Each structure stands twice: as C-alpha cells, then as structure tokens.
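Numbering (our numbering), first residue to last: 14 to 583.
Glycine residues also receive a C-beta, built at the ideal position from the N, C-alpha and C atoms.
Only a predicted model underlies this, so the values are computations on that prediction, with no experimental measurement involved.
Written out below as structure tokens is the structure these notes cover.
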Ligand code: SF4
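Below, the structure written as structure tokens:
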C-alpha cells in the first residue's frame with residue numbers, strides 16, 4: 014500500500030500566518046480575543062480556537078474591548094476603522110497577497126479609475142476589495158457580466174486571489190481585444206493553482222484521492238472536483254471517521270491532499286489512520302504497524318536509542334563499564350519522556366492524536382512505568398558512585414518539576430509559572446539532560462579526560478538537539494495551540510532548520526577535529542554517518558514532506574539505535 018501526502022496539502026502561507034498571529038496573541042494576552050468573521054472554513058479549527066478563548070465576531074458593536082483579528086481575506090477599510098473606534102485593538106492578518114490587490118485598487122481608485130474584480134461579490138475577500146474602490150467597484154463572475162458593464166474611461170481589472178487561472182486568461186484576452194485601455198493585473202495566488210495541479214497529477218498516478226477539509230471551504234471543494242474530473246475515486250472528508258475503509262480494501266495507492274484551511278494535525282491524523290486501517294487488513298503489515306506504534310508510544314525505541322548513544326559516547330571516550338551507564342540512560346530517558354507525554358496530552362491532541370489517545374487510555378500504567386524506571390535508574394546510578402547518583406537525582410527532580418506550577422499566579426507578569434513556560438526551555442533542557450546522562454555520567458565514573466568528555470558531550474547533545482528541535486518543528490501547530498513557546502515558534506521554521514543543519518555539520522567538523530587529536534579515521538567516519546543520515550532525512554522531509562509524522566518520527570528515533578550499532582563496529 015502506497016500513501017502519498019501532497020506537498021501542497023494544508024495551510025497556505027496567508028492562512029498559516031493568520032492562525033499563528035491569533036494564537037500568538039492568545040498566548041501573550043489576557044484580554045478577550047475575537048476574529049472578525051470565521052478565521053477559516055474548518056469546523057475543527059474553529060472548535061479548537063474556542064478552547065483557547067478565541068471567539069468569532071460577526072457584527073461590530075458600538076463599544077467593546079479586547080483584540081480583534083482581521084482574517085486573511087481582509088476587510089473594507091471602513092470596517093477596520095469602526096473596530097478601532099469601538100475600542101478594540103486591531104491585529105490585521107490580511108494575507109500579504111490580498112494586501113497587494115487592495116493597494117492596487119486603492120492607488121487607481123484615488124486617481125478616478127473604476128475597479129473590476131473578477132470574483133464573487135459575496136466572498137469576503139471581494140467584499141473587502143470593493144471597499145477600496147471608492148464606490149466605483151464592480152465584481153463579475155462570468156464573461157457576459159463583464160461585457161454588460163459600461164465602457165469606463167479608465168478602469169483597473171484584478172482577480173480574486175483564488176480565481177480560476179484559465180478563466181482569468183480568457184478575461185484578459187477579451188479586455189486586450191475590446192478594452193485595450195484597461196489596466197490588467199495578475200493577482201491570482203500561485204498557491205491555489207499549484208495545489209490544483211498537484212492533485213491532478215496525484216489523481217493520475219494513484220487509485221484514490223482523499224481530500225481533507227471543511228465542506229464550506231471553497232478551495233477544498235474545488236480540489237475534490239479537480240480530482241473527480243480525472244475519473245479517479247475522489248473522497249472529500251472533513252474527518253477521517255467518514256471514510257468507508259472496506260470500499261478501499263483493494264486500493265493499492267492513495268494520495269491525501271487538503272485544502273488551504275486544513276491544519277497539519279488533521280492531515281497527519283488522517284494519514285496515520287488510513288495507513289493503520291489498511292495495513293491492519295493485511296496480517297504482516299498490521300503486526301509491523303502495531304509494533305512501530307507500540308515502540309514509539311511507550312518510548313521504548315527512544316530509551317533504546319539513549320542506551321545506544323551512551324554506548325557510542327563511551328566508545329568515543331574509550332571507556333569501560335559502558336553497559337550499566339547505557340542502562341541508566343535508558344531508564345532515565347524512559348521515565349522522563351513518559352512523564353512528558355502524560356503532561357503533553359493537550360498539545361499531542363493536535364500533533365499526534367493517536368499518542369494522546371494512548372496516554373489517555375493508559376495514563377496510570379504508564380505513570381507507574383515512569384516511576385519504576387526512574388527509581389531503577391537511580392538505584393543503578395547509586396551503585397556506580399555517589400556523584401553519579403546525585404547528578405541523576407537532581408536531573409530527575411528537575412524533570413519532575415518541569416511541568417509543575419512552581420511560581421504562584423500573579424508573581425510573574427510574563428505568565429511563567431512552570432519551567433516549561435520559559436520560552437525555548439524544552440529543547441535546551443532535553444539536550445542538556447541527554448548530554449549529561451549519555452556522556453558525562455560515564456566519564457565521571459571512569460575518570461575520563463576532560464577533553465574527550467567534552468567531545469562526547471557535544472557529539473551527543475548536538476544529535477539530541479537536532480532530533481528535539483526537528484520534532485518541535487513537526488509539532489509547531491499543536492504547540493502553538495497549547496500555548497507552548499518552543500524554539501521553532503521563537504525562531505520560525507526556516508531559522509530552526511538552518512540551526513539544526515549548522516549543528517549537525519558542526520558535529521561532523523568536531524569528529525574531523527577529533528581525528529586530528531587521536532581518534533581513528535575509521536571511528537570518526539563511522540560516527541559521522543549519523544549526523545549525515547539525520548541531515549539527509551530532515552532535508553528530504555523539508556523538501557518533500559511526503560511521509561506521515563509517525564514514519565518520520567520512527568526513522569529519526571531509530572538513528573540513535575543505529576549510533577550504537579555503528580559504534581559496535583569500531
Ligand atoms: S490562498 Fe493565497 S492569497 Fe489566499 S490567503 Fe492563501 S496565500 Fe493568501
């Protein structure tokens with residue numbers, strides 16, 4: 014079974030920007046937040062916004078307070094003025110591509126030009142654009158409507174950003190032939206066109222296409238229509254529960270795409286559940302899928318990876334007694350990660366709904382496993398030395414305190430009550446904790462040289478930083494919804510990818526330097542394969558985004574396991 018996720022699936026730039034802006038406002042402000050009209054046409058997103066106390070406002074009251082966000086479609090300028098006059102703080106999240114059209118219309122209307130908009134006058138974007146036409150704007154949806162308009166002395170012609178390109182080309186050709194004095198502008202957004210082209214190509218190469226998105230969303234409907242026109246089975250769903258899986262039992266390839274207003278978590282969830290349902294109908298694939306889910310959800314794969322990384326760090330430092338330290342690292346990481354997953358159920362609902370459901374169902378047994386493994390790790394550490402025991406104890410207590418409210422409400426203006434509320438703390442603390450447990454604890458007990466301990470620490474913590482920051486990028490939407498300020502939320506996706514790349518390349522450089530300081534070329538080469546592999550994996554995800562989040566997670570977590578296997582070759 015082949016499942017392909019369309020590269021263009023999900024939020025377009027304008028919608029993502031508007032959703033990020035409203036969530037950032039909600040995370041930083043205590044006042045009520047409203048969106049002027051529905052932010053996007055997606056019922057799950059609207060429901061989610063209400064849980065974050067972000068409400069929809071359809072009419073402007075005479076007086077009000079709080080923040081109002083103008084959505085990506087934009088509004089007529091007089092609406093923005095009325096909102097300000099009523100007393101609201103206005104955040105204008107109009108998409109920059111729509112702003113460009115507003116600016117064109119405004120500039121020409123100022124000089125007495127009439128405005129012709131090729132688009133639906135009832136669509137909010139067109140309503141907003143007409144507001145800039147100074148009473149001389151005309152929206153048309155068909156050629157005969159354009160032909161019926163009077164001949165203006167001067168006119169500017171623009172298209173609604175989501176307009177059909179072929180139709181607008183016809184309009185332009187007619188204007189060039191019959192109204193050559195009109196000024197024509199290309200204002201259709203490339204995002205819509207690219208999305209439709211891709212779904213057409215996918216429909217031609219797959220047995221079925223699933224289009225995910227709100228039924229009220231025009232661009233989602235159009236995607237389903239484009240797929241259906243190819244005569245491939247096209248299914249438009251709002252929620253994965255609507256799919257009739259028995260009808261898809263014989264399907265060998267499925268493409269999944271989504272409208273511009275469908276968030277990542279719905280796409281990821283749809284993809285994971287479609288894969289699971291179809292694989293479960295085939296015994297061997299079903300067993301493999303269940304094993305993968307079990308290893309990921311229980312964090313056993315991650316713990317094994319921590320053990321492997323400890324072993325690799327010990328090999329790098331030429332240490333003995335590595336197995337007990339590998340076991341300590343495994344138990345510590347298992348314990349802390351399970352606790353994190355228990356506390357992160359809210360954000361996981363939007364990032365990994367299957368994992369959130371797993372932790373809701375097995376909360377007690379997983380909490381028991383976390384406590385048991387934490388205690389077992391401390392017991393083993395006490396057997397290796399007092400210093401190791403105290404370092405691990407402090408780290409475990411910090412890990413426990415990470416999610417707990419330790420600062421009373423009202424004490425800190427910046428709404429920081431827990432360690433986890435400190436912006437970017439998650440990535441940094443996980444990196445430091447892993448670095449210490451995988452490289453410093455074994456060194457302390459073996460009296461390793463400081464220089465080699467530092468090399469092992471940078472090697473290990475660099476890899477962990479790359480892994481954690483990458484997962485934070487995958488979880489960026491869910492974390493925003495849950496109000497977490499992770500590193501990628503602070504830096505943005507592009508800068509975070511740049512930082513990850515820079516760190517992985519630095520690890521390769523470090524191993525090269527260690528080679529000059531006495532590490533064998535073979536050892537350096539073998540260990541350098543891990544950052545190279547991570548770089549390739551992340552770059553392929555960044556460019557194609559064609560694997561589901563679960564598959565990518567499995568591959569990345571497996572790289573730490575690979576580190577131990579490669580270290581065994583040295
Ligand atoms: S479809 Fe294009 S113009 Fe419309 S909001 Fe998205 S990016 Fe902006």
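Beta-bridge partners of residue i, as assigned by DSSP
i	result
residue 248	223
residue 49	70 and 83
residue 266	15
residue 127	168
residue 102	80
residue 271	225
Member of the options whose CA lies at the smallest distance from the CA of residue i
i	options	result
residue 56	252, 240, 168 and 65	252
residue 477	93, 569 and 200	569
residue 181	575, 159 and 297	159
residue 388	343, 415, 162 and 233	343
residue 100	563, 47, 120 and 140	47
residue 572	549, 222 and 583	549
residue 580	265, 404, 335 and 304	335
residue 530	464, 491 and 238	464
residue 447	345, 532, 93 and 24	345
residue 268	298, 17, 179 and 396	17
residue 287	264, 275 and 229	264
residue 109	188, 200 and 96	200
residue 153	331, 231 and 161	161
residue 32	191, 285, 105 and 217	105
residue 198	191, 227 and 184	184
residue 168	58, 146 and 520	146
residue 203	542, 21 and 239	21
residue 326	536, 40 and 74	536
residue 454	410, 487, 382 and 339	339
residue 221	91, 488, 228 and 239	239
residue 314	125, 583 and 574	574
residue 250	227, 266, 262 and 236	227
residue 27	192, 111 and 564	111
residue 349	329, 365, 359 and 316	316
residue 304	567, 378, 224 and 67	567
Per-residue burial, residue i [other beta carbons within 10 Å of its own, 16 or more giving buried]
i	result
residue 151	buried
residue 186	exposed
residue 13	Here the chain has residues from 14 to 583 only, and residue 13 is not among them.
residue 312	buried
residue 259	exposed
residue 399	exposed
residue 296	exposed
residue 470	buried
residue 156	exposed
residue 552	exposed
residue 309	buried
residue 15	exposed
residue 515	exposed
residue 608	This structure does not reach residue 608, given that the chain is present from 14 up to 583, and the question cannot be answered.
residue 392	exposed
residue 208	buried
residue 41	exposed
residue 461	buried
residue 84	buried
residue 511	exposed
residue 214	exposed
residue 444	buried
residue 126	buried
residue 509	buried
residue 490	buried
residue 44	exposed
residue 193	exposed
residue 414	exposed
Beta carbon proximity, residue i to chain B, threshold 7 Å
i	result
residue 573	This model lacks chain B altogether, as it is built from one protein chain only.
Give, in chain order, every unbroken run of the alpha helix (DSSP H) that is at least 4 residues long and sits entirely within the stretch 493-559. Fully enclosed alpha helix (DSSP H) runs of 4 or longer: 500-504, 506-529 and 534-557.
In the stretch 131-213, which residue ranges form an unbroken beta strand (DSSP E) of at least 3 residues, counting only runs that do not cross its ends? Those beta strand (DSSP E) runs which fall completely within the stretch 131-213 and span 3+ residues are 150-153 and 168-172.
In chain order, what are the residue ranges of uninterrupted beta strand (DSSP E) at least 3 long that sit wholly in the stretch 341-378? Within the stretch 341-378, no complete beta strand (DSSP E) run reaches 3 residues.
The ligand SF4 site residues, beta-carbon cut 6 Å against heavy atoms: Going along the chain, the residues that qualify are 25, 26, 27, 28, 85, 108, 110, 111, 174, 175, 202, 204, 205 and 273.
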